[in-house]
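Engineer:
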Amino acid sequence: MTGRLIFIVCLLALTGLVAPQHDDHDHADGEEPFHEVLELLGAEENSTTLTTAQTEELVRRLKARVPCAEQEGVTCDTCLTAEQLIETATSSNSATSLDEEAFHKASVILVRYLTDLATVCKNITDPSAKGLSSFEDDLLQYTHSESDDRLGDHSFEHILEDIGVNYQVENWGKCFSTESVFAELNITNSSGGATREQLGEVAAIVVASVLQGLCIGEAALPEKTFFINHLFELLNATNGVITAEAFEGMFESLGIGGGDHGHEEEGHDGHDHRRRRAAINSRMKRAVSKSRVKRQEEDHDDHGHEEGDYEETCFTPDQLMKLYLIEEASGLTQAQFTEIAPAIVQQVYSKACVETTETTTTSRVLTEAEKYGYGTLAVIVISLLALIGVLFIPMFSSSLYTEVLQGCIALGVGALSADALLHLIPQALGLHEDHTAVDAHNHGEEVHDLSYIWKNLAVLGGIYLFFIFEKAMGHITSRFGYNHGHGHGDHMHTNQEPANHHAMDGVKPGGTSLEKSVSKQQLTNGESTVTLDVDSAQPEADNQDKKNYVCCKGFTSLALLIILGDGMHNLSDGLAIGIAFAGNLSIGMSTAIAVLAHELPHEIGDFAILLKCGMSYKQALLWNFISALSCFLGLYIGLAIGADITSRQWIFAVIAGMFLYIALVDMMPELATHKSARPVVTFLVQNVGFMLGVTSLLLLALYEDQIKIGFQ
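FYI, the numbering for the sequence shown is -20 to -1, 1 to 692, going by mature numbering (1 follows the signal peptide of the UniProt record, and there is no 0).
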């Protein structure tokens, strides 16, 4: 922000500047005051005298610089004419010009008039009658406190103070004072001040300084040229010229220029310049078209703007250089920069580029360290969910466990489907590309068009409405005895009843009883339904089942299957997270949230199954956590293969399909067909979970550009 303000202050100062002018030159540069005055008055280069006309212009300018204080009976305009000044300085009524020596004498007269123009004009009607020596005496005896033959520093300071009463300063960055004037003439305090012979030289310096509008005293502000000189120094100017690249970099620092800065599609050798020019022409056509449409809509035909209204147009550096006929290859001189400065100030002050610039800066490309850092952190948090099962140990024997699990499953359905529809599919179709993509700023209207989010949200709404409809119809038919939708399940349960008792009487090796509440029992792990089925029609197979019940050093075959399957599932989750973070931070966060949401019921379900298989709590937690570590492998594979934008879009499409399958095929049926002793409570819990998952991903889709996370 500070850098931007410095640039703006410089540019504001530059708006009043033109190419180097005459008033840059002063006696401090070593040039004689007489020659400075000649140059300031527009005399020819080799001129050695001031003509009557030039002398008249000198008197007029000095009177304008030190205006006459109003007094009754005083007319300063006709006081001290050029002819009177020349006659008094040369002691000749026939002289028509002033050489350098005569100019010094004339300066003594001019300084006396400048100290109090109104009073002097009132008292002296004919300067030539007064004589030059009288004017010299007036200055030498100005305070009557010093020697009559020398102008001391005290008297000179009073003279300058009186001149400064009505003095109109033009240059506050360069001043003159008693010390500077005496130092230039090598006059020291020990010498007592300026002699009568030196008085003309002192007065000449004062006249030249006042003519330039230099301030009196010590400079409190820099010179006007300081700003452009310092700015060109910051922009690494060479021989007073800055390059087009430096000019574009300044636009980037100011936050204007549309975020392009003239470097579209870098890396395509030989085509960069043509593409940049094509992009410039395209943007200018769009700007003109947009301005004309705006003018028609607002009925501004009476304004007479034939070329359109550009108040809200954000121009690029290339466009402004083209507008001001500046060749890119030649760079910009100080004069050209001074001419273009008002356009830059207008772009900053009108905030015409605010929307475009924010679009291009809020979503930056993550560094490799950030990709791996954020991805690893996300996987660590998700993997720790493998330990969350211990919190639900007291619930496994209560109805609360079922309600919590249903809420978690609904949360997973909402998060997975919302991530697929609101984030992954738009990414795959290029509707929500990273803002740093090539030429994204050229389509600011499209980048900010969020209609695809609301349309995809309508898809989720359709799924949700049919879920509500199915649950409502199931409840109504069950209440009135019409169990057509679930008759198959009831019939199966009835047929399996003998086997159920058989299973409950089973004893696992080691003598520990292994209970099963039903013979065909669904243990939901959040992604699939694991079924433990005991066929009552084949009791002779029971002994063979017990032989195969324990394998691999105490692991049951089912437990081993769950651990391996869970590991593969976590591998795919890590792959999705890695590819997402390879894109940008927002899509990585959305995918991590979706994975986190569906991992919650998944891990709880796995923990329950491992306990049912005969593991202790510690064993179940340990192996559940170990299987979760495969997510890291998937993460690093995803980060490695997700660097290419095209490949990433294809992979996003595949992951979106996977997420939709898991949500709608594996998890949604469990919500739709689940039966509970408290259907209303279960229904509310399911709705809260689903809405929470969708809402969190929707908010992330709407406001992801405003998320700023960094550890810099």
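We put the CB at the ideal spot given by N, CA and C, even for glycine. Just so you know, these numbers come straight off a predicted model, no measurement behind them.
Tell me the rounded alpha-carbon separation between H210 and I405.
Structural biologist: If I take the Cα positions, the gap works out to 51 Å.
Engineer: Please state the DSSP three-state secondary structure of S77.
Structural biologist: DSSP places S77 in strand when its eight states are reduced to three.
Engineer: Return the chain-ordered list of same chain residues with a C-beta closer than 7 Å to the C-beta of F115, the five sequence neighbours on each side being excluded.
Structural biologist: Taken in chain order, the residues that qualify are V88, I89 and R92.
Engineer: Measuring straight from C-alpha to C-alpha, what distance separates L38 and F207?
Structural biologist: Between L38 and F207, the C-alpha separation is close to 30 Å.
Engineer: Where L402 and G558 are concerned, what is the direct C-alpha to C-alpha distance, given to the nearest angstrom?
Structural biologist: In a straight line, the C-alpha of L402 is about 18 Å away from that of G558.
Engineer: Under 8 Å, do I642 and L440 count as touching if we go by C-beta distance?
Structural biologist: Against a cut-off of 8 Å, the Cβ pair of L440 and I642 comes out as no contact.
Engineer: Can you give me the C-alpha to C-alpha distance between A398 and F670, rounded to a whole angstrom?
Structural biologist: When rounded, the distance between both Cα atoms is 10 Å.
Engineer: Go through its chain and collect everything with a Cβ distance to E286's Cβ below 6 Å, but skip five positions before and after it.
Structural biologist: In this predicted model, E286 has a pLDDT of only 45, less than 50, meaning its place in the structure is not dependable; the value taken from the coordinates is given anyway. Counting only Cβ-Cβ distances below 6 Å, and skipping sequence neighbours, we find nothing.
Engineer: For the candidate residues I567, Q599, G563 and L131, whose alpha-carbon lies nearest to that of A539?
Structural biologist: The candidate whose alpha carbon is nearest that of A539 is Q599.
Engineer: Can you have a look at P13 and say buried or exposed, based on whether 16 or more other CB atoms are within 10 angstroms of its CB?
Structural biologist: That one is buried.
Engineer: Strictly by DSSP, which residues pair up with A221?
Structural biologist: According to the sequence shown, residue 221 is Val rather than Ala. Paired residue(s): T218 and T313.
Engineer: In whole angstroms, what separates the C-alpha of E63 from that of C56?
Structural biologist: Rounded to the nearest angstrom, the two C-alpha atoms are 15 Å apart.
Engineer: Output needed for E181: all residues of its chain with C-beta closer than 7 Å, excluding positions within five of it in sequence on either side, in chain order.
Structural biologist: Result list for E181: H84 and L165, in chain order.
Engineer: For G563, which three-state DSSP category applies?
Structural biologist: Correct three-state label for G563: helix.
Engineer: Where Q327 and T293 are concerned, what is the direct C-alpha to C-alpha distance, given to the nearest angstrom?
Structural biologist: Taking the straight line from one Cα to the other gives about 8 Å.
Engineer: Throw me the rounded Cβ distance for the F156 and I196 pair, which I believe falls under 8 Å.
Structural biologist: Confirmed, about 7 Å.
Engineer: Could you tell me which whole alpha helix (DSSP H) segments of length 4 or greater appear in the segment 38 to 116?
Structural biologist: You should have 62 to 70, 80 to 95, 97 to 103 and 107 to 110.
Engineer: Grouping DSSP H, G and I as helix and E and B as strand, with all else coil, what is A267?
Structural biologist: Its pLDDT being 48, under 50, A267 is placed unreliably by the model, and the measurement read from it follows with that caveat. DSSP places A267 in helix when its eight states are reduced to three.
Engineer: Could you tell me whether the Cβ atoms of T123 and S77 are closer together than 8 Å?
Structural biologist: For T123 and S77, no; Cβs fall outside 8 Å.
Engineer: What is the rounded straight-line gap between the Cα of L682 and the Cα of P202?
Structural biologist: So the alpha carbons of these two residues sit roughly 49 Å apart.
Engineer: Can you grab the Cα-Cα spacing for the pair V46 / T70, in whole Å?
Structural biologist: Approximately 25 Å, taken between the alpha carbons.
Engineer: Between which two residues does the beta strand (DSSP E) carrying N151 extend?
Structural biologist: It spans N151 to F156 - the beta strand (DSSP E) in which N151 sits, taken as one unbroken run.
Engineer: Measure the alpha-carbon distance for C388 versus F295 and round it to whole angstroms.
Structural biologist: Between C388 and F295, the C-alpha separation is close to 51 Å.
Engineer: For the beta strand (DSSP E) holding L194, just list the boundary residues, first then last.
Structural biologist: Unbroken beta strand (DSSP E) run through L194: L194 to I196.
Engineer: Skipping 5 residues on each side, what residues in its chain have a beta carbon closer than 6 Å to that of A572?
Structural biologist: Excluding positions up to five away in sequence, the list reads A358 and I557.
Engineer: Could you pull the start and end residues of the alpha helix (DSSP H) that F295 belongs to?
Structural biologist: Here F295 belongs to no alpha helix (DSSP H), and DSSP marks it neither H nor E.
Engineer: Just the Cα atoms here: how many angstroms apart are L131 and S27?
Structural biologist: Spanning the two alpha carbons is a distance of roughly 31 Å.
Engineer: Starting from L20, trace the alpha helix (DSSP H) both ways and give me its first and last residue.
Structural biologist: Start and end: P13 to L20.
Engineer: Inspect the beta-carbon positions of Q314 and G220 and report whether they are closer than 8 Å.
Structural biologist: In contact: Q314 and G220 (Cβ atoms closer than 8 Å).
Engineer: Which residue spans inside the segment 114 to 147 form an unbroken alpha helix (DSSP H) run of at least 4?
Structural biologist: As far as the segment 114 to 147 is concerned, its whole alpha helix (DSSP H) runs of at least 4 residues are 133 to 143.
Engineer: Going by alpha carbons, who is nearest to G673 out of A82, A577, G618 and S552?
Structural biologist: Measuring from the Cα of G673, the nearest candidate turns out to be A577.
Engineer: Mind checking I360: buried by the 16 CB within 10 Å criterion, or exposed?
Structural biologist: When all chains shown are included, I360 counts as exposed.
Engineer: Just the C-alpha distance for I617 and A452, rounded to the nearest angstrom, thanks.
Structural biologist: If I take the Cα positions, the gap works out to 44 Å.
Engineer: Whole angstroms are fine: how far does the CA of K351 sit from the CA of C333?
Structural biologist: The alpha-carbon atoms of C333 and K351 are separated by roughly 30 Å.
Engineer: What three-state label does DSSP hand residue 705 in the structure shown?
Structural biologist: Outside the displayed range of the chain (-20 to 692) lies residue 705, so it cannot be described from this structure.
Engineer: Is it true that the CB of F447 sits closer than 8 Å to the CB of M648?
Structural biologist: Yes, they are a contact pair.
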